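> Going by full-length UniProt numbering, the first residue of the sequence shown is number 1, and it counts up by one from there. Where a beta carbon is used, it is the ideal one built from N, C-alpha and C, also for glycine. Just so we're clear, the structure is a prediction, and the values are computed from it rather than from any experiment. The following block contains the structure, expressed as C-alpha cells.
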Amino acid sequence: MSMTLMAKAMSIKVGNPTTKLILLKLADNANDDGVAWPSYQHVADQCEVSRRSAMTHVKKLQELGLITVKARKLSADVNQSNLFFLHLDLPVKLPSSSPCGGGENSSLGGGENISLGSEGGSLGGEARSLGGSENISPRTSHSFEPVIEPIKNNKKSQFDFSCWPAMPSEQTLHDWLAMRKRMKANVNQTVINRFAGQLHVAVAAGVSVDDCLAECVVRNWRGFEFAWMQNAKSAGADATGWHKDLGRF
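Take a look at the structure:
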C-alpha cells in the first residue's frame, strides 16, 4: 500500500461515494509506482458491492482520467487480473451530470456495449439502476487519524476505599468482587463504608485487610464481622497467632 497514493485519493472529488471507495481500494492495492492488479471480484468483496457495480465504477474512473486499465491474458482462453495504472496527479473535471450518480435511477441499458478489458463483459441490454442500496457508502472509516477507544473503568475505581485501614491485594479484591457477584450481592459505596468499621477492628487485632477479605471469599460471606473470624478459628487455634495461618485458606 502506498500512503502517498491513499492521501491523494482521499483528496480527489469523484462525485459518487461508491466510485470514491473503488478508487481508495485501488490506491490501497497499488505499489509506489501507482500500479495495482486486483481482480474485479476482490475489489467488489472488499467494497461490499457487486462485481458488476465494481466494473461500472472502474469504468467511471477511466472516464475521469484517474486510471488506465490494461487487460492481461495468459493464453487465448485464460485471463489474468487487469493492470490498473493510477493517475492521481492529473486534474479531474466532473461532468455536469454523472451517469453513476448516487441515488439517481440512471440506467445503463439500451444496446450500449461497454467493454471492460479481459474481465469485462457487456453491460448493455440490461437496464439496471445503479441507484439505491449499492450506492450507499459502506460504513468504513478511511481516516488516517488514530481512533482512541474509551477504556472501561475498573470496578475498583468506582468506589472510595479511603475509609478502609488498608487496601487488599489486587487478586484478593478481584476474587472478593467476583464472589459477591456470584452470590448476587451488589457492591456499592454503602457496602464499602459498612465494611470499614469491622476491618479497622481486625487490623487493630493484627489481622490484615487482605486476610479478612480472603476469609470472606473462602467462606462465601456476604458481610463481615471480625467476631465471625474469631469464632471460626477458635477451635484448636492459638489465641495470639491463629491469623498467621489464614493464607492457607
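(1) I need the straight-line Cα distance from A214 to C47, nearest angstrom please.
(2) In the DSSP assignment, find the unbroken alpha helix (DSSP H) run with F195 in it and report its ends.
(3) Tell me which residue opens and which closes the alpha helix (DSSP H) that M183 is part of.
(4) Just reading off the alpha helix (DSSP H) that R51 is part of, what are its end residues?
(5) Any idea what DSSP makes of F84, helix, strand or coil?
(6) Could you tell me if L94 is buried or exposed, where buried requires 16 or more neighbouring beta carbons within 10 angstroms of its beta carbon?
(7) Could you please give me the residues that DSSP links to I67 through a beta bridge?
(8) Within the continuous alpha helix (DSSP H) that includes V209, where are the two ends?
(9) Classify H57 as buried or exposed, calling it buried when 16 or more other Cβ atoms lie within 10 Å of its own Cβ.
(10) Grab me the residues of A27's own chain with a C-beta within less than 6 Å of its C-beta, minus the 5 sequence neighbours each way, in chain order.
(11) Per DSSP, which one or two residues make a beta bridge with V43?
According to the data block:
(1) Those two C-alpha atoms are separated by around 54 Å.
(2) It spans Q189 to A204 - the alpha helix (DSSP H) in which F195 sits, taken as one unbroken run.
(3) It is not in any alpha helix (DSSP H) - M183 carries neither H nor E in the DSSP assignment.
(4) DSSP places R51 in the uninterrupted alpha helix (DSSP H) bounded by R51 to E63.
(5) DSSP places F84 in strand when its eight states are reduced to three.
(6) The residue in question, L94, is exposed, as its Cβ has fewer than 16 Cβ neighbours within 10 Å.
(7) Beta-bridge pairing links I67 to L86.
(8) Per DSSP, V209 belongs to the alpha helix (DSSP H) from V209 to R219.
(9) By the neighbour-count criterion, in which 16 or more other beta carbons inside 10 Å mark a residue as buried, H57 falls on the buried side.
(10) Within its own chain, the residues whose Cβ lies closer than 6 Å to the Cβ of A27, once the five positions on either side in sequence are excluded, are L5, M6 and A9, listed in chain order.
(11) Under DSSP, no beta-bridge partner is assigned to V43.
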